[in-house]
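In order, the protein sequence lines correspond to chains G and F. The opening residue of the first sequence carries number 1 in this note's numbering; numbering runs sequentially from there. The opening residue of the second sequence carries number 1 in this note's numbering; numbering runs sequentially from there.
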Amino acid sequence: MSSDRWYTLLLRAYPRGFRAQYGREMLLVFRQCRRDGERNAAGFWAAMLWDVARSAPALRLEAMRAQRSTDFHPAEGTMKTMGILAVLVGAVEMINSLIEEVAGGLHRDGLQLLSVVLCMAGGVVLVMAGIAMLRRGPRASSRALGAAAACLVAFALIALAAPVMSGFAMLLGIGFPIVLLAFLFWRRGHDGTLPGMA
Amino acid sequence: MARRPDDRPPESFLPLPAATFQILLALADDERHGYAIMKEVADRSDGAVRLGPGTLYGTLKRLLEGGLVEEGGEKADPELENERRRYYRLTRLGLAVARAESRRLEALVRIARRKKLIGLGPA
Numbered sequence: 001m002s003s004d005r006w007y008t009l010l011l012r013a014y015p016r017g018f019r020a021q022y023g024r025e026m027l028l029v030f031r032q033c034r035r036d037g038e039r040n041a042a043g044f045w046a047a048m049l050w051d052v053a054r055s056a057p058a059l060r061l062e063a064m065r066a067q068r069s070t071d072f073h074p075a076e077g078t079m080k081t082m083g084i085l086a087v088l089v090g091a092v093e094m095i096n097s098l099i100e101e102v103a104g105g106l107h108r109d110g111l112q113l114l115s116v117v118l119c120m121a122g123g124v125v126l127v128m129a130g131i132a133m134l135r136r137g138p139r140a141s142s143r144a145l146g147a148a149a150a151c152l153v154a155f156a157l158i159a160l161a162a163p164v165m166s167g168f169a170m171l172l173g174i175g176f177p178i179v180l181l182a183f184l185f186w187r188r189g190h191d192g193t194l195p196g197m198a
Numbered sequence: 001m002a003r004r005p006d007d008r009p010p011e012s013f014l015p016l017p018a019a020t021f022q023i024l025l026a027l028a029d030d031e032r033h034g035y036a037i038m039k040e041v042a043d044r045s046d047g048a049v050r051l052g053p054g055t056l057y058g059t060l061k062r063l064l065e066g067g068l069v070e071e072g073g074e075k076a077d078p079e080l081e082n083e084r085r086r087y088y089r090l091t092r093l094g095l096a097v098a099r100a101e102s103r104r105l106e107a108l109v110r111i112a113r114r115k116k117l118i119g120l121g122p123a
């Protein structure tokens, strides 16, 4: 392999943006150093390796800091966290409705069956809302808003019709949609987008 | 509100890292491309200071971002089969910073001389 190829490989230690801007120039300088520099190849390559080892980590760190400062939006980070929570709470509600269904067996009336179905439906919409929030699609906020409202209505109906679900399931089913709604309205104030229009 | 580099007083950049001051010195009298800066620094220091390509361009990048150096365009280099090379030159701020660092070092040398650390013949 030619010395140019070896040096091009060494350049990979630098951040991509830096390589794009200065890689060609650095290769030209390297060629001239190779041509005009010391004859001892081992000494020359040791100097080049030392130069890369000394300069590349600092440039990588700078690039990471710059990337983080441009990427970091507090509302985005919280959106992801809320998305994960929505998936988890939705999954818990779905599992809970299955457990209730199995525990109730055949001895349940129509209202109790409706409660189980509503709990399952609430869980499904929360999981779908969570996935939409994690994928950060153009209508993620409006979907999350709709899901939170639907889940809240479902659990309010369960509480009114036939409260067969456990206290924990009811607390999650009513509490989490309220938290999600509060978050979506906070986010509207943060980035100026209406929940239904994000 | 973020301050533009030009708004910063030159003294706020001091003390300069050695490689940074060497590059500013190399560009003080003329615009140069990367290898010419490297050669100038090595020749001026009798080979004691050698900037590798990574150190050179890493420092140039920071100087460009700080507004101390600007690109002076590209020219074909006959020494390298007419490859186009990017030239760099000092900005007004860069010149002011180089002067401020020179004054700072001069003051230090004056103290060293007063304390008879230097200037008494061979050590």
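Quick reminder that beta carbons are idealized off the backbone N, C-alpha and C, glycines included.
Straight-line Cα distance separating residue j from residue i
i              : j              : result
R65 (chain G)  : A58 (chain G)  : 11 Å
R110 (chain F) : L120 (chain F) : 13 Å
F168 (chain G) : N96 (chain G)  : 10 Å
G123 (chain G) : L64 (chain F)  : 54 Å
A18 (chain F)  : G47 (chain F)  : 15 Å
A36 (chain F)  : D30 (chain F)  : 10 Å
R31 (chain G)  : W50 (chain G)  : 17 Å
A198 (chain G) : A132 (chain G) : Below a pLDDT of 50, predicted positions are generally treated as unreliable, and A198 (chain G), at 34, falls in that range; the measurement from the model is reported next regardless. Each residue's Cα considered, the two are about 12 Å apart.
L56 (chain F)  : P78 (chain F)  : 22 Å
S142 (chain G) : A159 (chain G) : 26 Å
A82 (chain G)  : A91 (chain G)  : Per the sequence shown, residue 82 (chain G) should be read as Met rather than Ala. Rounded to whole angstroms, M82 (chain G) to A91 (chain G) spans 14 Å at the Cα level.
A154 (chain G) : L118 (chain G) : 6 Å
P10 (chain F)  : A96 (chain F)  : 6 Å
A47 (chain G)  : Y7 (chain G)   : 12 Å
R104 (chain F) : R136 (chain G) : 54 Å
R50 (chain F)  : S55 (chain G)  : 14 Å
I28 (chain G)  : A63 (chain G)  : Note on residue identity: the sequence assigns Leu, not Ile, to residue 28 (chain G). Cα to Cα, L28 (chain G) sits roughly 23 Å from A63 (chain G).
M38 (chain F)  : R187 (chain G) : 52 Å
K115 (chain F) : P15 (chain F)  : 22 Å
R99 (chain F)  : T78 (chain G)  : 49 Å
D43 (chain F)  : L24 (chain F)  : 15 Å
T59 (chain F)  : A107 (chain F) : 25 Å
K80 (chain G)  : G17 (chain G)  : 27 Å
I183 (chain G) : D109 (chain G) : At residue 183 (chain G) the sequence reads Phe, which differs from the Ile that was named. Those two C-alpha atoms are separated by around 37 Å.
G52 (chain F)  : L9 (chain G)   : 16 Å
S45 (chain F)  : R8 (chain F)   : 30 Å
S69 (chain G)  : A103 (chain G) : 52 Å
Q67 (chain G)  : R24 (chain G)  : 23 Å
Same chain, Cβ closer than 6 Å to residue i, five either side skipped, listed in chain order
i              : result
F176 (chain G) : V89
A140 (chain G) : A132 and M133
N40 (chain G)  : none
A170 (chain F) : Outside the shown range of chain F (1 to 123) lies residue 170 (chain F), about which nothing can therefore be said.
G72 (chain F)  : E31, Y87 and R89
A116 (chain G) : For the record, residue 116 (chain G) in the displayed sequence is Val; it is not Ala. Here the set comprises S97, E100 and E101.
G37 (chain G)  : F44
R60 (chain G)  : P15
F13 (chain F)  : V97
8 Å contact criterion, which residue i and residue j should meet: CB distance rounded
i              : j              : result
A26 (chain F)  : V41 (chain F)  : 6 Å
R85 (chain F)  : E74 (chain F)  : 6 Å
F163 (chain F) : E101 (chain F) : Because chain F in this structure spans residues 1 to 123, residue 163 (chain F) falls outside the shown range and cannot be described.
V52 (chain G)  : G54 (chain F)  : 5 Å
G14 (chain G)  : K61 (chain F)  : One point to set straight first is that residue 14 (chain G) is Tyr, not Gly, in the sequence displayed. The pair is not a contact, with the Cβ atoms about 10 Å apart (cut-off 8 Å).
Beta-carbon spacing of residue i, residue j below 8 Å
i              : j              : result
E93 (chain G)  : L172 (chain G) : yes
H165 (chain G) : A147 (chain G) : The sequence as given places Met at residue 165 (chain G); His does not occur at that position. Taking 8 Å as the Cβ cut-off, M165 (chain G) and A147 (chain G) do not qualify as a contacting pair.
R5 (chain G)   : L11 (chain G)  : no
G130 (chain G) : I84 (chain G)  : yes
Element boundaries [beta strand (DSSP E), containing residue i]
i             : result
D77 (chain F) : V69 to D77
L90 (chain F) : E83 to L90
Span of the alpha helix (DSSP H), counted from its first residue to its last, around residue i
i              : result
Y14 (chain G)  : Premise fails: Y14 (chain G) is in no alpha helix (DSSP H) and is neither H nor E.
K116 (chain F) : Note, K116 (chain F): premise wrong, no alpha helix (DSSP H); not H, not E.
A40 (chain F)  : A quick correction: the sequence has Glu, not Ala, at residue 40 (chain F). Taken as a continuous stretch (DSSP letters only), the alpha helix (DSSP H) holding E40 (chain F) covers G34 to R44.
R135 (chain G) : G110 to R135
P17 (chain F)  : Segment: none, P17 (chain F) is in no alpha helix (DSSP H) and carries neither H nor E.
E65 (chain F)  : P53 to G66
S166 (chain G) : Where S166 (chain G) is concerned, there is no enclosing alpha helix (DSSP H), given that its DSSP letter is neither H nor E.
Cutoff 8 Å; reference residue i; Cβ partners in own chain excluding five residues on either side
i              : result
R34 (chain G)  : S3 and F44
I118 (chain F) : V109 and A112
A86 (chain G)  : L126, V127, A129, G130, M133, A144, A147, F176 and L180
A149 (chain G) : P177 and L181
A156 (chain G) : I174
M170 (chain G) : F155, I158, A159 and P163
Contact test: residue i Cβ vs the ligand ZN heavy atom, cutoff 7 Å
i             : result
E74 (chain F) : By its list of ligands, the structure shown contains no ligand whatsoever, and the ligand ZN lies outside what it can speak to.
Close-in-space but distant-in-sequence residues of the same chain around residue i (CB under 7 Å, 5 per side omitted)
i              : result
A161 (chain G) : L111, L114 and S115
C151 (chain G) : G122, V125, L126, G173 and P177
M26 (chain G)  : L11
A42 (chain G)  : none
M120 (chain G) : M94 and S97
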